[in-house]
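So the sequences go chain by chain: P and G. Using the numbering used here, the first residue of the first sequence is number 6, and each one after it goes up by one. Using the numbering used here, the first residue of the second sequence is number 5, and each one after it goes up by one. One structure is given below, encoded as structure tokens.
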Amino acid sequence: MAVTRTVPAPGRTRRRLLGESGLDTVLPYLLLAPTVFLVLAVLVYPMVDGLRTSTGFYRFGRRLREVGWDNYTDALHDPAFLESIRTTLEFVAIAVAIETVLGLALALLCVREVRFVRAIRGTLILPMIVTPVVVGIIFRLMYASDVGLVATIARTLGMSPPQILGQPHAAFGGLVLLDVWEWTPLMFLILLAGLQTLPVEPFEAAKVDGAGAWRTFVDHTLPMLRPTILVAVSLRSIDALTTFDQVYVLTRGGPGTATQLISIYGYQTFFQFQQFGYAAAMLIMVALVVIALAGAALALMRRRPR
Amino acid sequence: MTTTSTGRIGKSLPGPRPEDVPEPSSRWERFGRPAGFVVALAFAVVPLLWMVSTSLKTNREITQDGTLVPHSFTLANYHNLFSGREFGSYLTNSIVVTAASVLVALVLGTHAAYAVARFRLWAGAERWIGFALLMTRIVPPIVVVVPVFLLAQRFGVLNTKLGLIVVYSAFNVAVVVWMMESFFREIPVELEEAAMVDGDTRFAAFRRIVLPLAAPGLVATAIFAIIVTYNEFLFALVLTSTPSAETMPVGAATLIGRINIDWGAMSAAGVVGALPILLFSALVQKHLVRGLTMGAVK
């Protein structure tokens with residue numbers, strides 16, 4: 006299975022390698038030290054520092070006084086924060102739902118080893134490799150009300166070109182479509198790998214029984230694929246919750262606050278308004294949610310039988 | 005239902021399997037599936053082609069004629085990127101930063117993963133340290149970006165490639181340990197022991213026996229790390245400010261910020277920004293899917 010890994014029973018075999026010479030008692034720590042130091046310095050220390058930042062009141066980037074948990078309670082009463090949370094959740098729910106359905110459809114379409122299927126799979130995953138900033142550029146070129154592809158096609162058909170990035174609902178929909186374009190391939194890859202490891206017997210049996218394609222799908226494919234779908238949905242949701250690059254290039258959160266995801270709101274609070282403490286508090290709350298989700302997803306994966 | 009299947013869907017094993025036998029006169033196989041392929045391919049490729057097409061038109065054609073494919077084929081938009089703007093140095097910076105940070109992460113990470121996979125550690129750390137390292141990667145980058153900025157400022161590595169390399173190395177090393185640990189665990193200890201009995205040092209046994217066996221894992225991990233690192237935007241945006249250190253995504257995004265309606269330049273910047281990583285993916289395509297799906301755990 007693509008996204009799982011094996012956790013072997015703790016080592017009967019491993020023990021035999023241990024403690025034979027004096028060097029072996031310190032060697033593993035020497036090997037680990039640079040990695041652990043690097044991660045502590047660059048990732049863990051900043052998180053702790055972020056916690057400290059979140060209890061201060063800043064103006065123009067200077068810490069003026071301690072405010073304890075006030076930033077957190079303020080955030081929970083801040084309509085802009087709550088709205089950006091709602092926008093983010095809506096974005097994640099709609100985009101991931103569409104990506105799951107399309108990804109599953111694509112996986113079923115491409116699972117059989119027909120002619121050219123390898124080249125087709127290779128082409129279908131292109132969007133997830135394209136630099137996210139460039140994905141933002143691509144969709145600006147698609148949506149531009151004067152020169153975009155959508156507008157050009159509309160004009161060719163004799164319709165007036167739609168204002169996609171200028172209207173709140175259309176811009177939000179446009180962002181969802183961008184995400185669907187970019188990340189359906191990931192869903193597709195994970196679910197394809199899942200389909201490829203399903204046992205063959207149930208399908209043979211179903212065929213013998215004369216079950217149609219749809220019945221086979223509902224009775225066999227879907228239930229057996231459920232764990233993989235669950236993993237794919239969690240992974241994608243975790244990632245989608247902090248979408249930033251594409252929005253930064255496409256809309257910067259606009260028009261108004263229609264596409265102001267929490268990462269964009271946090272970024273602006275940090276860098277434009279320089280309210281470091283408040284931004285840190287908001288983002289830490291988001292981080293906690295993400296970590297909880299990720300922990301649940303990983304626990305789910307580890308429990309799975311191979 | 006047992007799972008001792010002899011064949012698995014989608015893998016080529018000898019012998020006839022039900023999914024290889026075409027359902028006779030199946031309209032789905034003759035029309036449905038090919039039609040599905042066409043629609044899916046169009047959805048994936050048309051936005052990319054539109055960007056390429058726009059980048060090859062003159063600005064006059066883009067804004068006034070509204071054509072689908074370029075009639076006034078021109079490379080002027082690309083020429084401008086590399087002469088008037090600093091795309092040459094963005095490209096160099098991206099390559100240097102990506103290569104260096106992935107290399108550092110692979111060297112440090114494989115050794116750390118080996119320690120975790122082969123030794124008993126204090127407090128049973130060998131069981132949770134890979135997981136703990138991975139969790140640091142799951143924290144949204146936006147949460148740590150400002151403290152990292154202040155730290156980089158203190159050490160004077162703001163707006164340098166070195167600063168980016170250190171930060172990306174930390175990101176990548178966590179992933180490398182997580183992935184390589186499981187690969188090392190699958191390699192039987194007996195192989196190393198045999199080599200050590202024959203007179204190899206542990207280090208030599210690691211180099212000669214373990215690393216070659218783990219090569220597929222190393223390749224997949226490297227591919228994943230290279231794609232993610234090249235594409236990274238937020239940290240590069242915050243930690244760099246001039247073309248001497250800015251990477252391709254930052255260069256493209258800041259260009260977009262400065263020009264608003266120069267669609268030719270914008271599309272050319274998009275093509276140039278994505279081309280290196282797409283070319284790289286084409287080069288490693290045999291291992292690409294493995295790298296991408298393993299890396300699904302970021």
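Every residue gets a Cβ at the ideal spot worked out from N, C-alpha and C, and that includes glycine.
When you compare only the Cα positions, how much space is there between residue i and residue j?
| i | j | result |
| --- | --- | --- |
| LEU191/P | PHE228/G | 13 Å |
| THR225/G | VAL180/G | 6 Å |
| GLU88/P | VAL97/P | 14 Å |
| THR161/P | THR58/G | 17 Å |
| LEU227/P | MET306/P | 18 Å |
| SER285/G | LEU52/G | 16 Å |
| GLY93/P | PRO137/P | Inspection of the sequence shows that residue 93/P is occupied by Thr rather than by Gly. Going from the Cα of THR93/P to the Cα of PRO137/P covers about 18 Å. |
| VAL72/P | GLY141/P | 38 Å |
| LEU240/P | VAL108/G | 27 Å |
| ALA178/G | VAL44/P | 7 Å |
| VAL120/G | LEU303/P | 19 Å |
| GLN251/P | VAL73/G | 26 Å |
| VAL275/G | VAL139/P | 8 Å |
| PRO232/P | GLN201/P | 14 Å |
| VAL288/G | ILE281/G | 11 Å |
| SER268/P | THR248/P | 7 Å |
| THR105/P | LEU235/P | 10 Å |
| ALA297/P | LEU296/G | 24 Å |
| ALA44/G | LEU109/P | 12 Å |
| TYR234/G | LEU283/G | 12 Å |
| PRO204/P | LEU182/P | 34 Å |
| VAL49/P | MET200/G | 38 Å |
| THR102/G | LEU238/G | 15 Å |
| ARG34/G | ILE169/G | 52 Å |
| ILE99/P | ILE243/P | 14 Å |
| GLN265/P | GLY259/P | 6 Å |
| MET52/P | ALA211/P | 53 Å |
| GLU90/G | PRO38/G | 44 Å |
| SER30/G | HIS225/P | 21 Å |
| ARG21/P | GLY36/G | Note on ARG21/P: pLDDT 46, under 50, position unreliable in the model; no value is reported. |
| SER98/G | MET252/G | 6 Å |
| ASP79/P | ILE90/P | 14 Å |
| ILE191/G | ASN81/G | 52 Å |
Please report the Cβ distance between residue i and residue j, rounded to the nearest whole angstrom; I am assuming they are in contact, meaning their Cβ atoms lie under 8 Å.
| i | j | result |
| --- | --- | --- |
| PHE187/G | GLY221/G | 4 Å |
| ILE146/G | TYR63/P | Going by Cβ atoms, the distance from ILE146/G to TYR63/P rounds to 17 Å, so no, they are not a contact pair. |
| MET184/G | ALA129/G | Actually they are not in contact, since the Cβ atoms of MET184/G and ALA129/G sit about 16 Å apart, beyond 8 Å. |
| LYS62/G | SER76/G | The question names Lys, but residue 62/G is Thr in the sequence shown. THR62/G to SER76/G, Cβ: 5 Å. Contact. |
| MET290/P | THR274/P | Not quite, the Cβ-Cβ distance comes to about 13 Å (not below 8 Å), so this is no contact. |
| MET133/P | GLU187/P | 6 Å |
| ALA176/P | ALA263/P | 5 Å |
| VAL41/P | VAL171/G | VAL41/P to VAL171/G, Cβ: 16 Å. No contact. |
Quick one: list the residues of chain P neighbouring residue i, beta-carbon separation under 8 Å, in chain order.
| i | result |
| --- | --- |
| THR311/G | Because chain G here runs from 5 to 302, residue 311/G falls outside it and cannot be looked at. |
| MET270/G | ILE142, ARG145 and LEU146 |
| LEU215/G | Correct list: empty, because the minimum Cβ distance to chain P is about 14 Å. |
| ASN81/G | In chain order: nothing, as chain P lies at least about 12 Å away. |
For residue i, return the contacting residues in chain G, with the cut-off set at a CB-CB distance below 8 Å.
| i | result |
| --- | --- |
| GLU186/P | Before going on, a small fix: residue 186/P reads as Trp here, not Glu. Under the 8 Å cutoff, chain G gives PHE47, ALA48 and PRO51. |
| SER268/P | PRO144 and ILE146 |
| PRO224/P | The displayed chain sequence assigns Asp, not Pro, to residue 224/P. Residues of chain G passing the Cβ test: none, with the nearest at roughly 12 Å. |
Under 7 Å Cβ-Cβ, which residues of chain G neighbour residue i?
| i | result |
| --- | --- |
| VAL254/P | ALA257 and ILE260 |
| ALA301/P | Simply none; closest approach about 11 Å. |
| GLY127/P | GLN289 |
Along chain P, in chain order, which residues have C-beta atoms closer than 9 Å to that of residue i?
| i | result |
| --- | --- |
| MET55/G | VAL139, ILE142, ILE143, LEU146 and MET147 |
| ILE227/G | Result: empty, since nearest Cβ-Cβ is about 10 Å, beyond 9 Å. |
| VAL161/G | Per Cβ cutoff of 9 Å: no residues; VAL161/G is ~11 Å from chain P at best. |
For residue i, would you say it is in contact with chain B, using Cβ-to-Cβ distances shorter than 8 Å as the test?
| i | result |
| --- | --- |
| ILE195/P | The chain labelled as chain B is not found among the protein chains of the depicted structure, namely P and G. |
Interface residues of chain P around residue i at Cβ under 7 Å?
| i | result |
| --- | --- |
| VAL181/G | THR40 |
> Would the region 181 to 200 of chain P and the region 211 to 218 of chain P be scored as touching if the rule is three or more Cβ pairs under 8 Å?
Replying inline: no
>> Which residues of the region 157 to 169 of chain P have a Cβ closer than 9 Å to any Cβ of chain G? Give them in chain order.
In response: THR157, ILE158, ARG160 and THR161
>> Output needed in chain order: residues of the region 33 to 48 of chain P with a Cβ under 7 Å from some Cβ in chain G.
In response: PRO33, LEU36, LEU37, PRO39, THR40, LEU43, VAL44, VAL47 and LEU48
>> Any C-beta of chain G within less than 8 Å: which residues of the region 56 to 86 of chain P qualify?
In response: THR58
> Quick one, which residues of the region 86 to 116 of chain G are near chain P if we go by CB-CB under 8 Å, in chain order?
Replying inline: LEU112, GLY113, HIS115 and ALA116
> Just by C-beta distance, which residues in the region 28 to 43 of chain G are closer than 7 Å to chain P?
Replying inline: ARG37, GLY40 and PHE41
>> Residues of the region 163 to 177 of chain G in Cβ contact with chain P at a cutoff of 8 Å, in chain order, please.
In response: VAL170, VAL171, SER173, ALA174, PHE175 and VAL177
> Would the region 152 to 166 of chain G and the region 234 to 246 of chain G be scored as touching if the rule is three or more Cβ pairs under 8 Å?
Replying inline: yes
>> Could you check whether the region 204 to 218 of chain G touches the region 77 to 87 of chain G, counting it as contact only if at least three pairs of C-beta atoms, one from each stretch, sit closer than 8 Å?
In response: no
> At a Cβ cut of 7 Å, what residues of the region 88 to 118 of chain P count as close to chain G, listed as they run along the chain?
Replying inline: LEU111, LEU114, VAL116, ARG117 and GLU118
> Given a limit of 7 Å on CB to CB distance, which residues of the region 264 to 288 of chain P reach chain G?
Replying inline: SER268, GLY271, TYR272, PHE275, PHE281 and LEU288
> Would you call the region 253 to 260 of chain G and the region 193 to 213 of chain G touching, i.e. three or more CB-CB distances under 8 Å?
Replying inline: no
> Counting pairs of Cβ atoms below 8 Å between the region 164 to 173 of chain P and the region 272 to 287 of chain P, do you hit three or more?
Replying inline: no
>> If the cut-off is 7 Å on Cβ atoms, which residues from the region 205 to 216 of chain P count as contacting chain G, listed in chain order?
In response: VAL205, GLU206, PRO207, PHE208, GLU209 and LYS212
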